[in-house]
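I have placed the structure first, in the form of structure tokens, so that the comments after it can refer back to it.
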Amino acid sequence: MTPEGAGIPEGLPEERTPDAFWARQRPRLEAFEAALSDYLPPEAPEALREAMAYSLLGGGKRLRPALVFATLESLGTPHQKGFPLAAAIEMVHTYSLIHDDLPAMDDDDLRRGRPTNHRVFGEAMAILAGDGLQALAFGTLVRLAADGVPPGVVVRLVAELAEAAGPVGMVGGQALDLAYTGGGRRVDLAALEAMHRMKTGALIRFSVVGAAILAGAGEKTLAALSAYGRAIGLAFQVQDDILDVTGDAAALGKTPHRDEALGKATYPALVGLEESRRLRDRLIGEAAEALRTAGLERSELRALAEFIAARDR
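Here it is, written out as structure tokens:
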């Protein structure tokens, strides 16, 4: 799992390695996976529910739920408390993938090793499945109030997710991606970073910050974890760009070299593979420093940061 030049610090204890981290997280993620289907409303039209379930329950890295659970446990809160939050984040993430794959966007045929949603259910139903998941995400977050979470905390989580997913977050980043695709607008490193911090990084950062809010973290800890989430969010995208060049369909579960074919702005296209790797490693270093500031340098979040640098899919 650890490719050459992945930036894993020499001498990292075995228990802090990415593989060891995922071995520890597997039971939590399996329990979450088993519960995820319960959030889909049984009274929804069958065709719509099937399309929503196809993508939501179709596997994937589950990085964002892992971030939620690792953050909660690092702050002394049981990971099960974060199931509704993790489900809401996965719904928003999945809706974005469904819509990104549409012919009007990236026009892709493969996602998570399977045909994309619109290839199975048609474009119209895929659009509705994405819309349904986005709406369901906010309803799922509100369920936290029934679990005893104070209303003010629930309102803050809803507002933070709306910001991360909306026009100044994920959707805004996708709009910039469309504007930059095909060489229509010149892109420099600052513009590329801003786009990816919105499109990919905002929801990853919220996975950490949302869990910290749920755990009742103080403002100093929240600020440090926000810096951590901001760093790993961009590092994740840099590694994604690297894998689009170096990976293969079997490992990635999606079409490789797609960004190049579409003329998308990417880090390897702009600065080359080696500089992209150096940038990724610098960002992981920033994430580690943020954890030290929060007093969480030995937490599961450190191993998760190393996974982001080392992942091959």
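Under this note's numbering, residues 7 to 319 are what the sequence shown spells out, in order. Quick reminder that beta carbons are idealized off the backbone N, C-alpha and C, glycines included. The structure presented is a predicted model; accordingly, all values stated were derived computationally and were not measured.
Whether residue i touches residue j by CB criterion (9 Å)
i, j, result
"Tyr-186", "Ala-143", "no"
"Ala-300", "Ala-237", "no"
"Arg-317", "Leu-240", "no"
"Ala-132", "His-105", "yes"
"Met-176", "Ala-223", "no"
"Ile-314", "Gly-216", "no"
"Phe-212", "Leu-167", "yes"
"Leu-35", "Ala-221", "no"
"Ala-57", "Phe-127", "yes"
"Leu-310", "Phe-89", "no"
"Tyr-45", "Thr-122", "no"
"Met-111", "Leu-184", "yes"
"Arg-117", "Gly-188", "no"
Residue i classed as buried or exposed, judged by whether at least 16 other C-beta atoms fall within 10 angstroms
i, result
"Gln-180", "buried"
"Ala-33", "The question names Ala, yet the displayed sequence has Pro at residue 33. Exposed."
"Gln-86", "exposed"
"Gly-17", "Since pLDDT at Gly-17 reaches only 48, below the 50 mark, its modelled position is unreliable, and no value is offered."
"Glu-280", "exposed"
"Gly-42", "Note on identity: in this sequence residue 42 is Leu, with Gly being the wrong assignment. It is buried - the Cβ of Leu-42 has at least 16 other Cβ atoms within 10 Å."
"Gly-13", "Residue placement at Gly-13 is flagged as unreliable, the pLDDT there being 41, under the threshold of 50; the coordinate-derived value follows with that caveat. By the 10 Å Cβ count, Gly-13 comes out buried."
"Pro-156", "exposed"
"Pro-71", "buried"
"Val-98", "buried"
"Leu-195", "exposed"
"Arg-298", "exposed"
"Ala-141", "exposed"
"Gly-253", "buried"
"Pro-47", "exposed"
"Ala-40", "exposed"
"Ala-165", "exposed"
"Pro-274", "buried"
Rounded C-alpha distance that separates residue i from residue j
i, j, result
"Gly-154", "Ala-271", "45 Å"
"Val-193", "Glu-199", "10 Å"
"Tyr-60", "Gly-66", "12 Å"
"Leu-150", "Lys-226", "24 Å"
"Arg-120", "Ser-232", "34 Å"
"Arg-308", "Ala-218", "15 Å"
"Gln-243", "Lys-205", "9 Å"
"Glu-129", "Ser-305", "43 Å"
"Leu-302", "Leu-69", "19 Å"
"Val-160", "Val-74", "15 Å"
"Glu-312", "Ala-29", "14 Å"
"Ala-135", "Ala-170", "20 Å"
"His-124", "Gly-82", "42 Å"
"Asp-287", "Val-277", "15 Å"
"Ala-91", "Leu-62", "A quick correction: the sequence has Leu, not Ala, at residue 91. Their Cα atoms are separated by approximately 15 Å."
"Gly-172", "Leu-163", "14 Å"
"Ala-152", "Val-251", "46 Å"
"Ala-294", "Ser-282", "19 Å"
"Ser-80", "Ile-210", "17 Å"
"Asp-25", "Leu-103", "26 Å"
"Ala-93", "Val-214", "14 Å"
"Asp-114", "Asp-107", "5 Å"
"Pro-109", "Leu-182", "17 Å"
"Tyr-234", "His-202", "16 Å"
"Leu-289", "Ala-296", "11 Å"
"Ala-31", "Gly-291", "Per the sequence shown, the amino acid found at residue 31 is Gln instead of Ala. Spanning the two alpha carbons is a distance of roughly 23 Å."
Boundaries (first-last residue) of the alpha helix (DSSP H) holding residue i
i, result
"Tyr-60", "52-62"
"Met-111", "No alpha helix (DSSP H) holds Met-111; DSSP gives it neither H nor E."
"Gly-158", "157-171"
"Ser-213", "208-220"
"Ser-282", "279-300"
"Arg-308", "306-316"
"His-202", "195-202"
"Gly-224", "No alpha helix (DSSP H) contains Gly-224, which DSSP labels as neither H nor E."
"Gly-65", "It is not in any alpha helix (DSSP H) - Gly-65 carries neither H nor E in the DSSP assignment."
"Leu-147", "129-148"
"Val-177", "176-186"
Residues bridged to residue i [DSSP beta-bridge criterion]
i, result
"Leu-103", "Answer by DSSP bridge pairing: none, since Leu-103 is not bridged."
"Arg-236", "Its beta-bridge partners do not exist; DSSP assigns none."
"Arg-120", "Arg-117"
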